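A.B. asks: One structure, as structure tokens, below. Some questions next.
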Amino acid sequence: MASKKAMEPSTEDDEEHRARSGHRSTTSSKPQSNPTSTAGKKSSSKPVHSSSSSRQPKMSLELPLRPSAAAAKPLDSRQAQELRDHKAKLEGDAKRKKEEERTAWMRRTRYDPDATEPRKPKSTGSSSSDSPIRRVETPPEFPVNWTAEEKANYERLEREGVKVAVFEQHRLDQEKVVRHKDYMTVAWDGCKNVDIPWHRFKIRPSSAVPEETQIQRRVGYNTSGKEIEVMMNAYPITSFPDKAVYQYEINILHGDQNETDRRVLRKCWNSETRKAYIPDGIWDGGRICWSLRNFDDWNEVINTKGDLTRDIKTLATVDEFKRNPTFRMSVIQKRKINLSVINAWLQNRRDLDELVIESLSFLDHLLREWPTKQFAAIKRAFFFDKLGDDEELKQEFYQPLANMGASVYRGIYQAIKPTPQGLILNVDVAHCVFFSRISLMGYMMNVNGWNDKSTLVRNLQSTRDEYGGTKESRWFAQVNKKIQGLRVAPNYEGCPFKMKSFIVKGLIHAKPKEFFIDYYDKATGKSTRIHLEEYFMKRYNIRLEYPNMLLVEMQKEDVHYPAEFLVIKGLQRYRYKLNDVQAAQMIQWCASRPPKRLANARQSKELLQHKDDPILKLYGMKISDQMIKTKARLLPSPEIQFGANRKHNPQHSGSWDLRGKKFYKPNEKALHAWGVGFFSGHRKSISQDQTLSWVEQFVKMYKTMGGEVTGRPVVKGLNEDVGTSVKKLYDAIAAQNKQEPQLMVFIVPDKDSWVYLRIKKSADCRYGTPSQVLQSAHCISNKPQYHANVLMKVNAKLGGITARAVPKSKSTGLRPGSMIIGADVTHPMMGVWTPSLAAMSVSANSTATRYMGGCETNGDRIEILRDKVVEYILHPMVAEWKATVGSGKAPEYVYYFRDGVSASEYQRILSEEVPAIRFAIAHACGQAIWNGKMCVVVANKRHHLRAFPDPKNRAAADPHGGPLPGTLIDRDVTSPHDWDFLLYTHIALQGTPRPVHYHVLLDEMGLKPNDLEGMINDHCYQYIRSTTSVSVHPAIYYAHLISVRARHHEDVPITSGPQSGPEVKMTNPKPKEPRAKRLLPIEGTSNKLALGMWYV
């Protein structure tokens, strides 16, 4: 920084230091006595730069001015010393900057090119205390003459990521200069450069609100390929309400308290008092309702019956007379909804403002009002289990999952979508996992894998401790956690509350014979104290089958039941992660081929019964019964080019093979120093002879496919700890070849994810060596197809390329100087407290067949990439692109493909991520402003639109009746104004293929629909580790792979165990402090692994 010379970064954090250092420019050593006059001189000679080049929004500074500018006051000793130190610092920084740009990748990967001795492998540590890859966080050191205010100002700027180095006078916005008595406030284009020590200024953000970037409008329709007709699972809305609709605000008062509990709101809304006064009301589930009635306000007391208030929290605070709680319901008119604004917006006569959004929200709730009363609603999906005695229909709508007490249900999905032709209703099937309607003991038994209820009872019994007392079973906490919050109902002969819902609070350490209650005998009129087992025998003549089973306590006070009498109520959403077997079973049941999916969509439309919906009739909304047919385009498929200039045209099959073909580009360096380690001592382990046989076949196939292998591998049996085994193989390869290993292959006996994580973490972060983990069962079979699949990954990690897609049209190719960036953010599963990871991929050659990848933590469940994270990830990759692909020049065009954001976050992508990318590119290329052009495209697969071509038309449908790869839909079901489209680029292995919804947010290049959409289609054919076209652009696919693989680089000791995945217990407590540590860096070696495809 330009502040003080004491601010020196540590070796481990010098990338972060570079990210914070900013651009430094040469300045005069003379002090500036009059900032106002200087600003006027410089602004006349240099143009004002655009504020979009800075990473931060405009900032405001308060610059101290002296009352009189006639005579300059001499500097005191402290100021003079600061200026001398600052000048020396700038000169040193200028020299270091040139060296940093020359060795950017070396510094990123901590590689020392001047080392005379070969790098010694690091010792393996089992914890962070002795791990050589532990990150060191060094606190900043401040100069002794700094005040407390100056230190606090520095720390605040560091937290906000503000860059401060050298002040550039021409960056001031002269129109926003406000002069005060003894200082002036200026709008500054980011804290870019400071010519006077920055801590002398009081810096605060500007109050100006930046203008929003408009989302790209549609520029036309695609005309390439041939025209085909497809049917969409959507129905036109022929008419919607033209009556006056009034919006009201609901408030529920209980005493002086305004109730916010949704259960209270629901019971008051469903009361007879409300239904009598507002019979046509539509409720959004919160504090908004709509009605055709026009009234100013309505205020009434709602009396709730006792049986309706059992689950209301306020019941615990009833008065001393034990009366049921009463609520006062207030409904106040807010505005009149004019639904004609929807047509005005669709016809482009009105912007998408608040009134249009409110009108669309009303129509959405209007559609959901009646189905919500008939079915169980989860957002826009509806599920039901009252199917009568039709067993065939039951089997069609739900399927129990094995050994888990849960079932997957098929439901109905519906949503309104605006299109160029008007509003449509998207109808599809939905799937969700619910708790099975079985006994509570059966559920507790199944989820723990026990075979009978006796085992359940035995495993929950308390045991003796070493002090002669008792301690709870080791299974108690796990079982108790899984039943908490479940809705159950008692079901036994003579039960007065049969099938009435109660919410489980948990198990208690008491058996029925140990739990006493007061029993009143009506025959004798006496009250006696008996235990629960005797109570059921006397009252209901029922003998408990499992008298030693622990009792279940309900959330309602003083309610306890034996577990054997309780059953789980239906349609409760299953809240735990499925294991691999259960997920595969669910996918197999849910996957249906296109003809079946189309029939299910039509059946869903019939079950919704829109024609008989009384709410729709009342408001005048009509929906057609005929599905929409639209004209689609079948884009031409590219040719696949392999080595030796051999080409193959897959037509529209979407797949090919590698038989008799060579890689488009084999490994860059001959494979000489490599080894294979196999884990022995397990039942499924591979033997030494089988490993040698696999190695021989592997080398033979690699050479046949164009690879260059010059050395025999080191083959080692491994039976130590994982970390020690990796070090053993690394040392053996280094000792035999006198150089760093180029590849390490590990053959493991099973799919243990914890072993895989430890291998990858050691190979990446400790040794910086490409690694490949294989399963012994596949290696023993030694099939050529398996070798081909492995070789595509190995060849990519060694710098090769599998194949290249050659476009049919030159316009669909990349322009010279083009870079592609893909980004994705992955969040941990529920119950796992690791931070979200932001991953970015950057094309590594002119054809975008190879991608570099980087990843970093992005906070706790934050979807938008933070600017500091963007710069940290992109800086080394952009610098490498400039040095290799760009031949020393910055990229002229950047395609930015973003995955996983909703429409509500589009504006944040343009206002936050795009400026951060621009700044990162400018910083990495040594420019003040990057003047290139960007194209921003968001890809989304979370939608329910499907296309169904005529299955008899082989020119439009695949053998299963689904759309062919290259099917493009950009009419009738897309946005009315924005540039978006649905694109199929793959063949579904099972089920119905899902198109990717691409939305173009920004296009500064002036691309045509044929060019951009054709380029995306072509690039899906050059995914480096597959012989099929993929469903989404490879830049996004790689970014997702990077974020998944980077989970293995978390900065936690091995002794802490797995931080995510199926190994994490449900009782894993949430940490007190956020765990947003930065990831461990990839170790730098001559392999340059950090800038390769380490993630495939």
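Here the sequence shown is numbered in the UniProt record's numbering, starting from 1 and rising by one per residue. Each residue gets a CB set at the ideal place from its N, CA and C atoms; glycine is no exception. Please read all numbers here as calculations on a predicted model, not as lab measurements.
1) Does the beta-carbon distance from Glu1083 to Cys765 come in below 7 Å?
2) Measure the C-alpha to C-alpha separation of His672 and Phe663 and round it to an integer number of angstroms.
3) Measuring alpha carbon to alpha carbon, tell me which residue in Lys243, Ala601, Lys760 is nearest Met231.
4) Since I believe Thr238 is in contact with Pro976 (beta carbons under 8 Å), could you give me their beta-carbon distance rounded to a whole number of angstroms?
5) Buried or exposed, going by whether 16 or more other CB atoms sit within 10 Å of the CB of Gln1022?
6) Return the first residue and the last residue of the beta strand (DSSP E) that Ala957 is part of.
7) Cβ atoms of Gln572 and Arg487: under 7 Å apart, would you say?
8) Specify whether the segment 1028 to 1043 and the segment 898 to 910 touch according to this definition: at least 3 beta carbon pairs, one from each stretch, less than 8 Å apart.
9) Use the C-beta contact count for Gln742: other C-beta atoms within 10 angstroms, 16 or more gives buried, fewer gives exposed.
10) Across the segment 974 to 991 and the segment 414 to 432, are there enough close Cβ pairs to call them in contact, namely three or more that are closer than 8 Å?
11) Using three-state DSSP, classify Ser904 as helix, strand or coil.
12) Applying the criterion that 16 or more other CB atoms from any shown protein chain within 10 Å of the CB defines a buried residue, is Glu913 buried or exposed?
13) Where Leu363 and Ile357 are concerned, what is the direct C-alpha to C-alpha distance, given to the nearest angstrom?
14) Assuming Met549 and Lys505 form a contact by the criterion Cβ under 8 Å, report the distance between their Cβ atoms to the nearest whole angstrom.
15) If contacts are defined as beta-carbon pairs under 8 Å, then Val996 and Ala939 qualify, I think. What distance do you get, rounded to the angstrom?
16) Arg368 by DSSP, collapsed to three states: which one?
17) May I ask you to list the residues that DSSP assigns as paired with Asn258?
18) Taking only the alpha-carbon atoms, compute the straight-line gap between Gln775 and Asn789 and give it to the nearest angstrom.
19) When we look at the beta-carbon of Asn258 and count the other beta-carbons within 10 Å, is it buried (16 or more) or exposed?
20) Have a look at the DSSP bridge pairing and note the partners of Trp283.
21) Could you tell me whether the segment 478 to 494 touches the segment 577 to 592, where touching means 3 or more Cβ pairs closer than 8 Å?
22) Quick check on the burial criterion: 16 or more other C-beta atoms within 10 angstroms. Buried or exposed for Thr273?
23) I need the DSSP call for Leu945, collapsed to helix, strand or coil.
24) Could you name the residues of the same chain whose beta carbon sits closer than 6 Å to that of Gly255, not counting the 5 residues immediately before and after it, in chain order?
25) Measuring CB atoms only, is the segment 803 to 823 touching the segment 749 to 757, in the sense that at least three cross pairs come out at less than 8 Å?
26) Between which two residues does the beta strand (DSSP E) containing Asn459 stretch?
27) Assuming His944 and Asp428 make a contact with CB atoms under 8 Å, what is their CB distance in whole Å?
28) Tell me which residue opens and which closes the alpha helix (DSSP H) that Arg543 is part of.
29) Please determine, among His648, Lys665, Gly723, Asn1087, the residue with the shortest C-alpha to C-alpha distance to Pro807.
30) Given a cut-off of 7 Å on the beta-carbon distance, is the pair Ile228 and Leu634 in contact?
31) Three or more C-beta pairs closer than 8 Å, one from the segment 997 to 1014 and one from the segment 793 to 804: is that the case here?
32) With DSSP collapsed to three states, give me the class of Glu564.
33) Would you mind working out which of Asp750, Val581, Tyr767, Ser77 sits nearest His778, comparing C-alpha positions?
34) For Val676 and Leu791, I'd like the C-alpha separation in whole angstroms.
35) Identify which residue in Gly654, Met329, Gln785 has its Cα closest to the Cα of Met701.
36) Is Pro965 helix, strand or coil when you go by DSSP?
C.D. replies: By the coordinates alone:
1) Your numbering for residue 1083 matches position 1083 in the sequence shown. Your numbering for residue 765 matches position 765 in the sequence shown. Between Glu1083 and Cys765, the CB-CB gap stays under 7 Å.
2) Walking along the sequence shown from the start, residue 672 turns up at place 672. Walking along the sequence shown from the start, residue 663 turns up at place 663. Taking the straight line from one Cα to the other gives about 19 Å.
3) For the purposes of this step, residue 231 is identified with residue 231 of the sequence shown, where counting begins at 1. Ranking the options by Cα distance to Met231, first place goes to Ala601.
4) The sequence position of residue 976 within the sequence shown is 976, counting from 1. The sequence position of residue 238 within the sequence shown is 238, counting from 1. Contact doesn't hold; Cβ gap of about 17 Å is too wide.
5) The count along the sequence shown starts at 1 and reaches residue 1022 at position 1022. Sixteen is the threshold: when 16 or more other Cβ atoms of the shown chains lie within 10 Å of the Cβ of Gln1022, as they do, the residue is buried.
6) Here residue 957 refers to the residue found at position 957 when the sequence shown is read from its first residue. Premise fails: Ala957 is in no beta strand (DSSP E) and is neither H nor E.
7) Translated into positions along the sequence shown, residue 487 becomes position 487. Translated into positions along the sequence shown, residue 572 becomes position 572. With a cutoff of 7 Å on beta-carbon distance, Arg487 and Gln572 are scored as near each other.
8) With a cut-off of 8 Å, the segment 898 to 910 and the segment 1028 to 1043 count as touching, because enough Cβ pairs lie within range.
9) As a working mapping, residue 742 is identified with position 742 in the sequence shown. Answer is buried; the Cβ neighbour count reaches 16.
10) Between the segment 974 to 991 and the segment 414 to 432 there are three or more inter-stretch CB-CB distances shorter than 8 Å, so the stretches are counted as touching.
11) To locate residue 904, count along the sequence shown from 1; it is residue 904. Three-state result, Ser904: helix.
12) Numbered from 1 along the sequence shown, position 913 holds the residue referred to as residue 913. Residue burial is scored here from C-beta neighbours: Glu913 has at least 16 other C-beta atoms within 10 angstroms and is therefore classed as buried.
13) Mapped onto the sequence shown, residue 363 falls at position 363. Mapped onto the sequence shown, residue 357 falls at position 357. In this structure, the CA atom of Leu363 is about 10 Å from the CA atom of Ile357.
14) Your numbering for residue 549 matches position 549 in the sequence shown. Your numbering for residue 505 matches position 505 in the sequence shown. Not confirmed; about 17 Å, so no contact.
15) Here residue 996 refers to the residue found at position 996 of the sequence shown. Here residue 939 refers to the residue found at position 939 of the sequence shown. Taking a contact as a CB-CB distance under 8 Å, the pair Val996 and Ala939 counts as one, their CB atoms being some 5 Å apart.
16) Here residue 368 is taken as the residue at index 368 of the sequence shown, counted from 1. Helix.
17) Your numbering for residue 258 matches position 258 in the sequence shown. According to DSSP, Asn258 bridges with Leu253.
18) Looking up residue 775 in the sequence shown gives position 775. Looking up residue 789 in the sequence shown gives position 789. Going by C-alpha positions, Gln775 is about 13 Å away from Asn789.
19) Reading the sequence shown from its first residue, position 258 is the one you call residue 258. It is exposed - the Cβ of Asn258 has fewer than 16 other Cβ atoms within 10 Å.
20) One-based indexing of the sequence shown puts residue 283 at position 283. DSSP output for Trp283 lists Cys289 as bridge partner(s).
21) Contact between the segment 478 to 494 and the segment 577 to 592 is absent, because fewer than three Cβ pairs lie under 8 Å.
22) Here residue 273 is taken as the residue at index 273 of the sequence shown, counted from 1. When all chains shown are included, Thr273 counts as exposed.
23) In the sequence shown, residue 945 corresponds to position 945, counting from 1. DSSP places Leu945 in coil when its eight states are reduced to three.
24) Locating residue 255 in the sequence shown gives position 255, counting from the first residue. If we look at Gly255 and ignore the five residues flanking it on each side, it has no Cβ neighbours.
25) Short answer: they don't touch.
26) The count along the sequence shown starts at 1 and reaches residue 459 at position 459. Run containing Asn459: none in the beta strand (DSSP E); it sits in the alpha helix (DSSP H), 453 to 459.
27) One-based indexing of the sequence shown puts residue 944 at position 944. One-based indexing of the sequence shown puts residue 428 at position 428. With 8 Å as the limit, His944 and Asp428 qualify as a contact, their Cβ atoms being about 4 Å apart.
28) On the sequence shown, position 543 is the one that residue 543 refers to. It is not in any alpha helix (DSSP H) - Arg543 carries neither H nor E in the DSSP assignment.
29) Walking along the sequence shown from the start, residue 807 turns up at place 807. The shortest C-alpha separation from Pro807 is found at His648.
30) Residue numbering aside, residue 228 sits at position 228 when the sequence shown is read from its first letter. Residue numbering aside, residue 634 sits at position 634 when the sequence shown is read from its first letter. Between Ile228 and Leu634, the CB-CB gap stays under 7 Å.
31) Contact fails: fewer than three Cβ-Cβ distances are below 8 Å.
32) Here residue 564 is taken as the residue at index 564 of the sequence shown, counted from 1. Judged by DSSP in its simplified three-state form, Glu564 adopts helix.
33) Along the sequence shown, one-based indexing puts residue 778 at 778. Nearest to His778 by alpha-carbon distance, out of Asp750, Val581, Tyr767, Ser77, is Asp750.
34) The sequence position of residue 676 within the sequence shown is 676, counting from 1. The sequence position of residue 791 within the sequence shown is 791, counting from 1. Straight-line Cα distance between these residues: approximately 14 Å.
35) Within the sequence shown, residue 701 is the residue found at index 701, counting from 1. Residue Gln785 holds the alpha-carbon nearest to the alpha-carbon of Met701 among Gly654, Met329, Gln785.
36) Indexing the sequence shown from 1 puts residue 965 at position 965. Three-state DSSP puts Pro965 in coil, outside helix and strand.
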